[in-house]
């Protein structure tokens, strides 16, 4: 049994696909925000995070917090809302969302 598994693994050659992902900074004088979230289950306990960076890639601000039990879609929307709220309260209008 073990020998069969080893033989199969020796000939197993899955196709690998790659895709280069590159972060591009915003234009001079603008900020760009990126978001992320994490969860256990759907619905389940969630957390959100976002960060703002300037045209040089410098971190301007970052925030993370828990959100309790909500769905994946609610978590994504809540993250966007919190980032927009942060920018609006600080009169940051040149932001790429």
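Numbering (our numbering), first residue to last: 100 to 196.
The beta carbon of each residue, even a glycine, is placed where N, CA and C say it ideally should be.
Cβ-based neighbour list, residue 101, same chain, cut-off 7 Å, excluding 5 preceding and 5 following: none
Buried versus exposed call for residue 145 [16 or more other C-beta atoms within 10 Å across all chains shown]: buried
Cβ contact check for the segment 134–142 and the segment 104–112: 3 or more pairs under 8 Å: no
Minimum C-alpha distance to residue 161 - residue among 140, 131, 190: 131
8 Å Cβ cutoff met for residue 141 and residue 163: no
Simplified DSSP assignment, three categories, for residue 168: strand
For residue 126 and residue 175, the rounded distance between their alpha carbons: 25 Å
Per DSSP, the bridge partner or partners of residue 144: DSSP, once it has assigned bridges, lists 168 as partnering residue 144.
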